[in-house]
Each structure stands twice: as structure tokens, then as C-alpha cells.
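Numbering-wise (this note's numbering), the sequence shown opens with residue 108 and increments by one.
Positions of the beta carbon are idealized from the N, C-alpha and C atoms, including for glycine.
Read the structure below first, then the notes.
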Amino acid sequence: MSEYVRVIEEEDEGIGLLKALAILSANEHRNTSQWELVEKQCFKNGRLDETHIYVMSVYEKPDLHFEPTKFLTFEIEAMAKAYIMEGIESQLSELRGDGDDD
């Protein structure tokens, strides 16, 4: 594992990339529970030129509605936060609904 991936794993701010991937996988976002964290290192003239870190959705069988797609790491975190917010909103509405019955 490279130092770039370790930095992402040790991220303290927000929910972090690995937790975001777990959330998307558990919710089968884009109709798949398989997600890959990809680190691509590009070399030019024998030297490391660029490192790209992104996430891909993976499908074992072709899906009619979705194709494998690359996402930037901040996009993955934003999608996972949307699932978290949706869960919080549903819990709040349940609490408000339960309070009205008393």
C-alpha cells in the first residue's frame, strides 16, 4: 500500500473515504455493492509524474441502468454523506411522528 492510500485511510476530517465506500456498498449505490479504490501512478521519462486516486463502481454482470464509472474521492464522500443525512431525516420524522401520537 502506498503512502497516498495510507493518508486517505488516516483522514480525520469528515467520514473518511473508506467509511464512505462502506456506506455506498451497504446501500448498493448505483445498483452495486462492489467498489474499488484505485491508485494509478503515471511515469514519464523514468520518473513518477502523477498519481491519481479515484473510486470505481464494479459490476459482475452487465447492468441495464449503470455502467462502471470513475468517481473522485470527494464525490464518494458527498454521496455517502447524502445517505447519512437521509437516515437522520427519516429518524427525525419518525421521532416527530411518534411525538404527535401522545
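Where does Lys-151 sit, in a helix, a strand or coil, going by DSSP? Locating residue 151 in the sequence shown gives position 44, where the first residue counts as 1. Looking at Lys-151 - three-state DSSP - the assignment turns out to be strand.
In terms of residues, what are the limits of the alpha helix (DSSP H) holding Leu-171? Reading the sequence shown from its first residue, position 64 is the one you call residue 171. Annotation for Leu-171: no alpha helix (DSSP H) segment contains it, and DSSP assigns it neither H nor E.
Are the beta-carbon atoms of Val-162 and Glu-135 separated by less than 9 Å? For this step, residue 162 is matched to residue 55 along the sequence shown. For this step, residue 135 is matched to residue 28 along the sequence shown. Annotated as distal: Val-162 and Glu-135, with beta-carbon spacing of 9 Å or more.
First through last residue of the alpha helix (DSSP H) which encompasses Ile-122: Along the sequence shown, one-based indexing puts residue 122 at 15. That residue, Ile-122, is in no alpha helix (DSSP H); it is neither H nor E in DSSP.
Please classify Ala-187 as buried or exposed, where buried requires at least 16 neighbouring CB atoms within 10 angstroms. Indexing the sequence shown from 1 puts residue 187 at position 80. Result: buried.
CA-to-CA distance, Glu-196 to Tyr-190, given in whole angstroms: As a first step, residue 190 must be located in the sequence shown, where it is residue number 83. As a first step, residue 196 must be located in the sequence shown, where it is residue number 89. Tyr-190 and Glu-196 have their C-alpha atoms roughly 10 Å apart.
Nearest CA to the CA of Leu-179: which residue from Glu-193, Ser-164 and Arg-203? As a first step, residue 179 must be located in the sequence shown, where it is residue number 72. Selection Glu-193, Ser-164 and Arg-203 evaluated against Leu-179 yields Ser-164 as nearest (Cα-Cα).
Between the C-alpha atoms of Lys-147 and Ala-127, what's the straight-line distance to the nearest angstrom? Within the sequence shown, numbered from 1, the residue matching residue 147 stands at position 40. Within the sequence shown, numbered from 1, the residue matching residue 127 stands at position 20. Here the alpha carbon of Lys-147 sits roughly 20 Å from the alpha carbon of Ala-127.
Considering Cα atoms alone, identify which of Glu-157, Gly-121 and Asn-138 is closest to Thr-176. Along the sequence shown, one-based indexing puts residue 176 at 69. Of the candidates Glu-157, Gly-121 and Asn-138, the one whose C-alpha sits nearest the C-alpha of Thr-176 is Asn-138.
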